[in-house]
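**Q** In terms of the working numbering, the sequence shown opens at residue 8 and continues consecutively.
We put the CB at the ideal spot given by N, CA and C, even for glycine.
From a predicted model like this one, the values you see are computed outputs, not experimental measurements.
Following this message is one structure expressed as structure tokens.
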Amino acid sequence: MTIASLLEPVTGQPGPAHLSHASDWMQGRTLYGGASALVAYTMAVRAFPGLPPLRAGQVAFVAPVGEDIALTAEIVRQGRNVTQVRSEILCEGRVALSAFWLFGEGREPNAVQPASRPEDWPGAPEDNAPVTHSFAPAFVAKNFELRHGQTKGTDRGATVRRWARLTEAHDLDPVSTLVLMGDVMPPGAMRVMQRQGPLSSVNWSFNVLDPTSRSRDGWYLAENASQHADAGYSSERLRLWDADGQQVLDGIQCVAVFG
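Quick look at the structure:
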């Protein structure tokens, strides 16, 4: 199993690790953002077993992450209900990814506001046509099945939305699945670029709305939408919904737009 093999070297003990199966998840010269975030998240939960459910994460993509890394994790603060953990990936002795995780026990709600369902619901994933991978990075074609999530011929603006699921049978817990899949779509700014050029995620901050989510048949509707793009950067909103239209992840991201 490529996912389990990728995470096998992450023991929870600080120090060097060799990601022998990183090649299955490489995006250019760095590990795909969702995979590198998952490595850092796995380091946090294996270093400190028994943490409450993850409620939020803040991930800084500082430099390329390769096969040979070092891992660290520390509890920044542990309160009665909330524990905050920092984990980092180092390459060649320098920080390549820095992540801050917020774990929190559930409480009796004093405020209830359901998340909005997606506008222009595309219908069930099995009712939408498969997406070809002709322009996608190799790791996408190898690890994900994609189906269309926007009506063909409509004005899609600066939004990219697709049904996505992992092609591999896996035993990831629900939160690990969301971390791995939450950054799978290309930036929405791609749709409004004046000329072709590379894009690169700078950071990713997200809230986990349902840490128990196990969507039907593994399908999630993933959306990246540029809220503002100028001066070589795009402010993106990243969201995931389950197969029934319940939002399970809500995030923002800064993307560097080159070319």
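Which whole runs of the beta strand (DSSP E) in the stretch 173-256 are 3 residues long or more, in chain order?
**A** Within the stretch 173-256, the complete beta strand (DSSP E) runs of at least 3 residues are 206-208, 210-215, 227-237 and 240-249.
**Q** Can you check whether the CB of V167 is closer than 7 Å to the CB of P205?
**A** It is not a contact, given that the beta carbons lie outside the stated cut-off.
**Q** What separation, rounded to the nearest whole angstrom, lies between the Cα atoms of V89 and N210?
**A** Going by the C-alpha atoms only, they are around 23 Å apart.
**Q** Please identify the residue among F146, S94, G73 and E74 whose C-alpha is closest to the C-alpha of V83.
**A** Comparing Cα-Cα distances from V83 to each of F146, S94, G73 and E74, the minimum goes to S94.
**Q** Report yes or no: do three or more beta-carbon pairs, one from the stretch 142-151 and one from the stretch 114-121, lie closer than 8 Å?
**A** No, they do not touch.
**Q** Comparing alpha-carbon positions, which option in V255, V199 and E115 lies nearest L61?
**A** Among V255, V199 and E115, the Cα nearest to that of L61 belongs to V255.
**Q** Report buried or exposed for E243, applying the criterion of at least 16 other Cβ atoms within 10 angstroms of its Cβ.
**A** Burial call: buried.
**Q** Per the DSSP calculation, L61 is bridged to which residue(s)?
**A** Answer by DSSP bridge pairing, in chain order: F110.
**Q** Can you grab the Cα-Cα spacing for the pair R198 / D127, in whole Å?
**A** One C-alpha to the other measures close to 18 Å.
**Q** What residue does the beta strand (DSSP E) around L78 start on, and which one ends it?
**A** Its beta strand (DSSP E) spans residues D75 to Q85.
**Q** Could you round the C-beta distance between P137 and R154 to whole angstroms and report it? I think they count as a contact, below 8 Å.
**A** That belief holds up - the Cβ atoms of P137 and R154 are roughly 6 Å apart, short of 8 Å.
**Q** Are the Cβ atoms of A24 and L104 separated by less than 7 Å?
**A** Not in contact: A24 and L104 (Cβ atoms no closer than 7 Å).
**Q** So who's on the other strand from E95, going by DSSP bridges?
**A** E95 is bridged to T79 and S105.
**Q** In the DSSP assignment, the beta strand (DSSP E) including F142 goes from what residue to what residue?
**A** Note, F142: premise wrong, no beta strand (DSSP E); not H, not E.
**Q** Which term fits F265, buried or exposed, when burial requires 16 or more other beta carbons within 10 angstroms of its beta carbon?
**A** Exposed.
**Q** With distances taken between CB atoms, is the gap from L38 to V92 smaller than 7 Å?
**A** For L38 and V92, no; Cβs fall outside 7 Å.
**Q** Counting only the same chain and skipping the five closest in sequence on each side, list residues whose C-beta sits under 8 Å from that of F110.
**A** Excluding sequence neighbours, F110 sits near L58, P59, P60, L61, R62, V89, T90, Q91 and V92.
**Q** Whose C-beta lies closer than 8 Å to the C-beta of G40 among residues of the same chain, with five residues either side of it excluded?
**A** Excluding residues within five positions, the ones whose Cβ falls inside 8 Å are Q34, V66, F68, D190, S208 and W211.
**Q** For a test of the three-state rule: what should DSSP assign to G41, helix, strand or coil?
**A** Looking at G41 - three-state DSSP - the assignment turns out to be helix.
**Q** Grab me the residues of K149's own chain with a C-beta within less than 7 Å of its C-beta, minus the 5 sequence neighbours each way, in chain order.
**A** Closer than 7 Å at the Cβ level, and outside the excluded window around K149, lie D31.
**Q** For a test of the three-state rule: what should DSSP assign to E152, helix, strand or coil?
**A** The answer is strand: DSSP assigns E152 an E or B state.
**Q** Would you tell me roughly how many angstroms separate the C-alpha atoms of Q253 and L173, rounded to the nearest one?
**A** Near 19 Å, if we compare the C-alpha coordinates of L173 and Q253.
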